[in-house]
Structures are given as structure tokens and as C-alpha cells.
Ligand SMILES: Nc1ncnc2c1ncn2[C@@H]1O[C@H](COP(=O)(O)OP(=O)(O)OP(=O)(O)O)[C@@H](O)[C@H]1O
Ligand SMILES: [Mg+2]
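Pasting the structure below:
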């Protein structure tokens, strides 16, 4: 059985896709057979890994129950993608119904069966798609951007995670909240970090993702940051996050 991890936050532009793509890439480079499901109609993870948005093979096909010929290879050997396309907006309605969620879960069970890790990049909303993702995964990683309102946005997603856990997916765990686009030179960023740690304790990942233009540049070249500039701070951040979140836990690797 693969370990299934959703990357979710209803807030836009917090680093979900950057985290999903780069975490998936480091897990694959680390030897795990990895599947990245682009569950966002914007398709940023799809284009960020240099793939076309194709409604016939990809997440939209899986939502309709298709399981064969839906995966796309990527520049990273052990990483495959279930690509998105704009038609995926239709999935919001389909997945808000129980039958729709059951059909996509059955399809994803089959598609994901041969992988060690499955990551899902969710859209910036708490609609049918994100709820279907949370209903299917083992755990969720919540990226948050270092800003004053970070805690407020978190309260909403944490309560949705709790609702899903007490409802359709009792095994759902919060793997961690990851601070992204962090600038250690800004005292304000340090304050946000301290505030988060005071409230969420060990649920805040030890690894902090720095602000690093290499992450945006890599996506514009259609490759993960480790392929674009493996010595960059962004690459180092996601390698560390991969180690911290790996199935064996982080302690043994430090
Ligand atoms: N650590 C970082 N340093 C610098 N730029 C970053 C970093 N993380 C993300 N970015 C950039 O910030 C923008 C938003 O990131 P990203 O697309 O990953 O967020 P998102 O949460 O997936 O957004 P959406 O909610 O629209 O799906 C992108 O242009 C991305 O390249
Ligand atoms: Mg995104």
C-alpha cells in the first residue's frame, strides 16, 4: 500500500504546488516509486513538471473512473504524474456527491497500487476536490506562508481535517504544517514562526522552506528544483522536508 499524502490549504499561493512537486521529486530521487496527482484544475504541478494538460489521460479521466493509460512520465525517473486539465473544474460538483467520491477513490486505489508514495496537490478551496482528497489519504501536509494572517487560515483547514477524520476518514492525520517562503532576516517572520510553534507545537515541521527564486525558476523550466539547481537553498529545504516526512520518521536521519 502506498503512503498517501495530500498537500492542502484553502488559501491561495502559499506554496502547495511547489511543495507537492518538489517533495514528490525528492522522494522519487530517494528511490521511492512516486505518483503525484495534480488535483487542481489550474494544473500548475502538471506544467511545473513540463507536462501538457490533457483531459483524456489524467485526473479528470480518473474522476470518471478510468484507470488505464492515465499516467504521464516526468523528467525524474521514479516519478509519474496524473496530470490535470481545466475540465477538472467539473470534478468539484461530481465529488461533492458521495457516489462521485466513491468512484474516484476506487480509481485512485487501482492507479496508486504500484507506488510507494502518492502525493496529491489540492486546489485553493475546501470544495468537493479537496474533501475527496482528504477522504482518501493517510495524512495531510499544510504549507503556510509566513504572514500575519497565517494562524487564521490555519484554523479553517484544521477544522475541516477534523470533520473529515470524524466523518469519512478516521485514519486521516495531520503530518505537519510547513512554513514556506521564509526569510530569516525579517524579524516578523521569526515572530510568525514562534507564534505557530507556541500554538501547534510539534505539528510545525522542523524544516522551514526558505524564500528562494530557484523554486519559481525551476517550475518555469518544467523541472523540480533538485534538477534545476541542486545546491540552492530551496533544493536543500525540500530534501530536508523529504527526510523529515519520510515514512520512517525524521529522527533517525539527523
Ligand atoms: N519558497 C519559495 N520561494 C520563492 N518563491 C516561491 C516559494 N514557494 C512558492 N513560490 C512561488 O510562489 C508562487 C505560489 O506558489 P505555489 O504555486 O506553489 O502556491 P499554491 O499554494 O500552490 O498556489 P495556488 O493556491 O494558486 O494553487 C509561485 O509563483 C511559486 O513559484
Ligand atoms: Mg497550487
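Numbering (our numbering), first residue to last: 2 to 255. For each residue, glycine too, the CB sits at the ideal point set by N, CA and C.
- Residue 92 and residue 150 have their C-alpha atoms some 30 Å from each other.
- With 16 or more other CB atoms across the displayed protein chains lying within 10 angstroms of its CB, residue 71 is buried.
- DSSP assignment within the stretch 144-211 yields the following whole beta strand (DSSP E) runs of 3 residues or more, N-terminal first: 174-181.
- Secondary structure within the stretch 88-134: the beta strand (DSSP E) runs of 3 or more consecutive residues, fully enclosed, are 118-122 (chain order).
- Counting C-beta pairs closer than 8 Å gives three or more between the stretch 18-34 and the stretch 114-122, which meets the contact rule.
- Between the beta-carbon of residue 119 and that of residue 30 there is about 17 Å, and that puts the pair past the 8 Å contact cut.
- Those residues that bring their Cβ nearer than 5 Å to a heavy atom of ligand 2 are 17, 18, 45.
- With contacts defined by Cβ atoms closer than 9 Å, residue 173 and residue 136 form a contacting pair.
- In this structure residue 128 touches residue 97 by the C-beta definition: roughly 7 Å separates them, less than 8 Å.
- With distances taken between CA atoms, residue 162 lies nearest to 10 out of 5, 10, 233, 15.
- Taking 3 residues as the shortest admissible run, the stretch 22-84 contains the following complete beta strand (DSSP E) segments, listed from N- to C-terminal end: 35-39, 80-83.
- Non-local C-beta neighbours of residue 130 in its own chain, meaning closer than 7 Å and more than five positions away in sequence, comprise 40, 92, 93, 96, 123, 124, ordered along the chain.
- For residue 49, the closest of 58, 61, 20, 65 by C-alpha to C-alpha distance is 20.
- Judged by the Cβ position, residue 185 fails to qualify as a neighbour of ligand 1 at the 8 Å threshold, every heavy atom of the ligand being at least this far.
- At least one heavy atom of ligand 1 lies less than 8 Å from the C-beta of residue 210.
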